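Enquirer:
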Amino acid sequence: MKVVGKPLAKVDAAAKVTGRAIYADDMLPARTLHCRILRSPHPHARIVSIDTSAARRIPGVVAVITGSDLPVKFGILPVTQDERALEHEKVRYVGDPIAAVAATEEEIAAAACDAIAVEYEVLEPVMSIEAALAIPKDERIQDYGGPNNIHKFVSLEFGDVDGGFARADNVREDVFFFQGNTHLPMEQHSAVATYIDGRVTLWSSTQVVHYVHRALAKVLELPMNRIRVIGAAHGGGFGGKTDPFAHEIIVAKLAMLTGRPVKCTLTREEVFYAHRGRHPVLMWIKTGVTADGRISAMHFRSALDGGAYGSYGVASTFYTGALQTVTYDIPAYRFEGCRVFTNKPPCGPKRGHGTPQPRFALELHLEKLAHDLGLDPVELKRRNFVKPNTRTVNWLRVTSCGLEECTDRVIKASAFHQRKRFFGRGMGFAISSYLSGAGTAIYWNDMPHSEVQIKVDRGGVTAFCGAMDIGQGSDSVLATIVAEELGLQPADIRLVTADTDTTPIDLGSYSSRVTFMAGNAALEAARKMRALLVEAVAAKTGAEASAIDVSEARVGDCSFEEASVLAEARFGTLTTAGSYTPPKIAGPYKGSGVGPSPAYSYSACVVDLDADARTGLIHVNKIWIAHDVGRAINPLLVEGQVEGSVYMGLGEALMEEQVFRKGLHKWPSMLEYKSPTFLDMPEVETFIVETNDPEGPYGAKEAGQGPLLPVPPALCSAVYDALGVWIDEIPVSPEKVTEALRRKEKGEPPRYGPPRFPSIPYPEAIKVQPPPKDFDAAAATI
Amino acid sequence: MKNEITRDVERVVLALDVNGEARQLLVAVHKTLLEVLREDLQLTGTKHGCELGECGTCTVLIDGRPELSCLSLPIQLQGRAITTVEGMASGSELHPLQTAFAELGAAQCGYCTPGILLSARALLEENARPSRDEIREALAGNLCRCTGYTKILQAIELAAERMR
Amino acid sequence: MAEEHGARAMFVAGGTDLFPKLKRRQFEVETLIGLDFLPRVIRNGSTECAIDAGVTLATAAHDSHLQAGFTGYAQAAGLVSSPPLRNAGTIGGNLCVDTRCNYYDMTYEWRKAAGFCIKKDGDICLVAPSSPRCWAVSSSDTAPMAIALDGVVGLAGPEGDRELPVSALYRDDGIEYMAKRPAEVLTGLRLRKSANTRSAYVKLRRRGSIDFPIAGAAVAMELDGESVIGCRIVLSAVASYPLEAAAAEKFLKGKRLDQETIREAAELAAKPAKPLDNADLSHFWRKRMVRVVVEQAIQRVSDQRAGFGG
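Structure representation (structure tokens):
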């Protein structure tokens, strides 16, 4: 390998460090109008009337639109098309968009929004999971789902759960709560649209140009070929820019109406309302273990506070129950999930999508089980680790798995078992796993999930791919793969990405899919191109094709440029294409589409901290994390993803929370929503573990999300280690710690967390037979 | 309570020293330095994350010291040296901090990067050999959501070493 | 000039408090009067230090004389917000910093949705709706320390110049929180101490930077060997004004600084603190933390005496 595995600078590094990268808000085409959006001041209300006449009279106002201009509903999932770009019938959270103004100055647009008179019939807001489960005082938030404000139920059972519990020597139940939090990208969402010759062009800060493209076509009622969506340089997503958003549709509509470019950049407050962040999830977990510490059965219940709209919520609900089995060998498993609507900004996918919450519950629950049994928690977990190349009880296919090695690395480096035990100092351990891309698409289709085209022309190589570099370095990974195959350097590869006019389909930067899926597509396209170059050189020089080496910008005895001329002469225009479609490995049951992935990454983490019993304040001293990435295509980028994940996980564990008071987001500002500063971040020691996945490009798997997951439970385990109290909900704020200590002193259970799990009318579980033993081996021989 | 935006906005002629260039321009008197840099001077390298002084993204140097452009009025900055990320490189040669940030992967999405580079530059000009804790202190007003700060600290240390 | 424009004019020095509030429409003004023309000098003496109001917080924090002789003040200045804000924000500005409340320090749109509060555009206090007054919190880090160090501010106004002890500069009201007249400009601060005065400031906040105090303790003590001759303890962020802990001060006078005494003094100091549910973290917890920050601040003063550094 010449470039794969090397810690090279990102291909866009120079643009990023010089301020040359153009983000959506940096664009200001001539005659641009500025758009501001009027949003609901009520969490739940019917709209009686909207009067925009005063706003229209303000000099500088060019257009004002309301919901009747954009009545078509959209939504990221086909089953929940429940959003409107502007709502004219009913508002469902403080911040729900109602009207939009395009004006010559942003301040004029803001003043015009203020001049729009809206008459509301205020309805009782529903602000908690408990309230959503109850009969609504006024009316339901959405008119689908139910009963009450329940959005979605999932109820699945794999194997003989009752038998498994009967067989257990120890059974334990626990309740946990994971507070909601938000992505807080440094860049506020922004979009610019033009309308020229009957065609809409939109530049946006999005993670998925393809989904925005589809939503625009639907709501604007234009054919897709009249719409072009281009991903501008991206200032951070973490899942928060994966839905199509109202402002993207609004600027396109306003450009169509005014014939001028229209730009909308959300204020920081509006970014909190756009949200789609981590669901608050209440969880109940019951596990049976045999005397030798092996899990015999598990029952997991989740209740997700979804906010006002569907977003990715159906998938999120399934995810709270899907991946428990890919780290631990659970022979019988029942999962009951439920998502409710509340009058809050909609929740959706944030780094780890639906899985950090159950991971938090599962890891802490197993810690407690180990304490019950008098076992070392690391040992208990180890006894139940899944093995590589197995099928889980819920039919998930595990291939490469570096759990053992990850665990060894962090346990050894942190001297976990040799730690000095004294009150106030503690260490905690946790593991996790995540997808390398979802195995099924969001909307049903048989197309590949990613396609890459390569063009070689006058010695230059251009790769075209729809994937969006959101800072994680996906452009660099594509360039590295193409360069490796063609014997070049990543900097030699020109890239055209995230542009629906010029690049083939890619489902975008979410679910940790780009390296695996676009990477495999790039690999296929590059290998085809390499074959053409080799064949042309072989024909010219008479050398055996298999003997021709492609490296160091040479193809056999020819320079790359000479080879490309020979190949173009022989084959005509040099283009190749590659695509990637995940294997069809989902199990034979309804709902099996969420969870399968062509490969799972694995992580293990140890947190070392000081906890002050008097104040409850926690000081994290160091974090060790090992991540099985399969193969690091660029170790620098892998480390960056791991360190960034640890940071975000630590923020969620200690201080980040999206909370509400009297129907309003309590603090939609960067001052009060606490994101850790340089002074709050400990040293992080990262270990990259390579298991060489059989299906990943060069063996690679994901790195961008999985390493977040073990941080919150490892932190809570460390708090227990330090103070002897369990904090069963995050964030672990100091007041929770002191309260738990107070309870301990009074002889009450030494814990802070939800007292109980509500009664939820889950439907009868669908019973699913586990896969036969050696299922994949059997399939492979067919 | 209506926003009285429709009345005439007072405009002023400003003479600003931006990246060593004397710039004269006519702008609304209440515009912040952030807005003037980005909209009137097309220096869009200066980013913004909150426009309320809470994130550090829009940091620029005023007479060599990091300040927030979202909380500065240009009219108060006449005669003072304003440095933005566009003023860091000399010609086509990058500043050692820029090179180190690129080499070590200290910029992921890159959005906080200009502000952090400028804060780091001010630090290194005052202290050629900062400890890791001194770097943390100096950069504590600049939030980054991507990197977890580790690579940024390493890059500043590498640049400091090369600049000595 | 300020008098001419009345309530529609405000002074601006560093702008770090003012500009966010203008953007959120907490302040609505037509005219800003820049104070850049005022001098920015620190004049050091052995028992007195005069600091012009326009001196930035960063300059004050890094001033070696202040660090050595008025340690707590330099610490407080260095703990305000974040480095870029301290480069712009001034010591005068931090003495005048507006009281804070998380029902008030929000955008216009948010406040409109929540219902406007008594401090701006509304008629009730959203934290304590049955109370006739505003309970916004004094959030200056340097004001308590300036009071503890017997500070005096200079005020210049249309009716002439005057001096006011910092302790008389504030009022127990979230809205009319300063005794300074609107047209008066704070021109400087004089801190005073005896040769044996030691001081320290301890600030509690969620993060290591950026955040305002959610509790703070400023302690200045005149010591004669082991025993306390005189002492000032002033709390930040637990009332609408910097709250002086008179009972604790009285208790400490003449006492030797041992663990038990420090603990008892901190207990006494914490008593009058009355945090409400309008800042970060729960007010119950903040109330409990007051004695901790006071104890730490006294301990630091005690350590300085023993030559442990400040």
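Chains as they are written, first to last, in this note's numbering: chain A, 6 to 787; chain B, 20 to 183; chain C, 15 to 324. Glycine included, C-beta positions come from ideal geometry on N, C-alpha and C. All values derive from a computational prediction rather than experimental measurement.
1. Mind the definition here: the segment 251–268 of chain A touches the segment 200–211 of chain A only if three or more C-beta pairs lie below 8 Å; say whether that holds.
2. In chain B, which residues lie less than 7 Å from Ile224 of chain C when you measure between Cβ atoms?
3. So, at 7 Å on beta carbons, what are the nonlocal neighbours of Arg270 of chain C in its own chain, with the 5 sequence-adjacent residues on each side left out?
4. Taking only runs of the beta strand (DSSP E) that begin and end inside the segment 504–585 of chain A, which ones reach a length of at least 3 residues, in chain order?
5. Can you pull the chain A residues whose beta carbon is under 8 Å from the beta carbon of Glu123 of chain C, in chain order?
6. Would you kindly check if the distance between the Cβ of Tyr317 of chain A and the Cβ of Pro361 of chain A is under 8 Å?
7. Classify Tyr28 of chain A as buried or exposed, calling it buried when 16 or more other Cβ atoms lie within 10 Å of its own Cβ.
8. Tell me whether the beta-carbon of Gly583 of chain A lies closer than 8 Å to the beta-carbon of Ala526 of chain A.
9. Using a Cβ-Cβ distance cut-off of 8 Å, determine whether Glu105 of chain B contacts chain C.
10. Comparing C-alpha positions only, which one of A:Phe665, A:Ser160 and A:Gly621 sits nearest to Glu740 of chain A?
11. Go through its chain and collect everything with a Cβ distance to Thr395 of chain A's Cβ below 7 Å, but skip five positions before and after it.
12. Grab the span of the beta strand (DSSP E) containing Pro453 of chain A for me, first residue to last.
13. What are the partner residues of Leu80 of chain B, as DSSP defines its beta bridges?
14. Rank C:Gly92, C:Glu173, C:Ala64 and C:Tyr184 by C-alpha distance to the C-alpha of Phe226 of chain C and give the top, closest one.
15. Which residue marks the beginning of the alpha helix (DSSP H) containing Glu644 of chain A, and which one marks its end?
16. Would you please state the rounded distance, in angstroms, between the beta carbons of Val383 of chain A and Phe421 of chain A? I believe it to be under 8 Å.
17. CA-CA distance, Glu661 of chain A and Thr70 of chain C?
18. Closer than 7 Å by beta-carbon distance: list the chain A residues that pair up with Trp299 of chain C, in chain order.
19. Could you say which of A:Arg666, A:Lys679, A:Arg61 and A:Arg636 lies nearest to Tyr652 of chain A if we only look at CA atoms?
20. What is the rounded straight-line gap between the Cα of Val77 of chain A and the Cα of Thr581 of chain A?
21. Whose C-alpha, out of C:Ser78, C:Ser223 and C:Ile247, is nearest the C-alpha of Ser60 of chain C?
22. Buried or exposed: which applies to Asn210 of chain C, given that a residue is buried once 16 or more other Cβ atoms fall within 10 Å of its Cβ?
23. Quick one, which of A:Gly444, A:Ile693, A:Arg356 and A:Glu410 has its alpha-carbon nearest Ile475 of chain A's?
24. Determine, using beta carbons only, whether Glu144 of chain B comes closer than 8 Å to chain A.
25. One question on the structure: do Val252 of chain C and Val304 of chain C come within less than 8 Å of each other, judged by their Cβ atoms?
26. Among A:Gly649, A:Gly264 and A:Pro673, which one has its Cα closest to the Cα of Glu688 of chain A?
27. Listing by chain order, which chain A residues have their CB less than 7 Å from the CB of Met325 of chain C?
28. Would Thr347 of chain A count as contacting chain B if we go by Cβ distances under 8 Å?
29. Between Asp613 of chain A and Ile628 of chain A, what straight-line distance do the alpha-carbon atoms span, to the nearest angstrom?
30. Going straight from the alpha carbon of Pro363 of chain A to that of Leu203 of chain C, what length do you get?
31. Identify the contact partners of Gly476 of chain A in chain B, using a Cβ-Cβ distance below 7 Å as the criterion.
32. Consult DSSP for Phe243 of chain A and reduce its assignment to one of helix, strand or coil.
33. Compare the C-beta of Lys679 of chain A against all C-beta atoms of chain B and say whether one is closer than 8 Å.
34. Going along chain B, which residues have a C-beta under 7 Å from Phe683 of chain A?
35. Which first and last residues belong to the beta strand (DSSP E) in which Pro102 of chain A is found?
36. Is Thr25 of chain B close to chain A? Criterion is C-beta to C-beta, closer than 8 Å.
Expert: Short version:
1. yes
2. Glu73 and Gly160
3. Glu240 and Ser241
4. 579–585
5. Arg44, Pro46 and Glu274
6. no
7. Label assigned to Tyr28 of chain A: buried.
8. yes
9. no
10. A:Gly621
11. Val403
12. Careful: Pro453 of chain A lies outside any beta strand (DSSP E) and carries neither H nor E.
13. B:Pro85 and B:Thr102
14. C:Gly92
15. Pro640 to Leu659
16. 7 Å
17. Between Glu661 of chain A and Thr70 of chain C, the C-alpha separation is close to 31 Å.
18. Pro739, Glu740 and Thr743
19. A:Lys679
20. 39 Å
21. C:Ser78
22. exposed
23. A:Arg356
24. no
25. yes
26. A:Gly649
27. Here chain C covers residues 15 to 324 and nothing more, so residue 325 of chain C does not appear.
28. no
29. 6 Å
30. 56 Å
31. Gln127, Cys128, Gly129 and Cys165
32. coil
33. no
34. Arg155, Leu158, Ala159 and Tyr168
35. Pro102 to Ala108
36. At Thr25 of chain B, the pLDDT of 47 sits below 50, so the modelled position is not reliable and the matter cannot be decided from this model.
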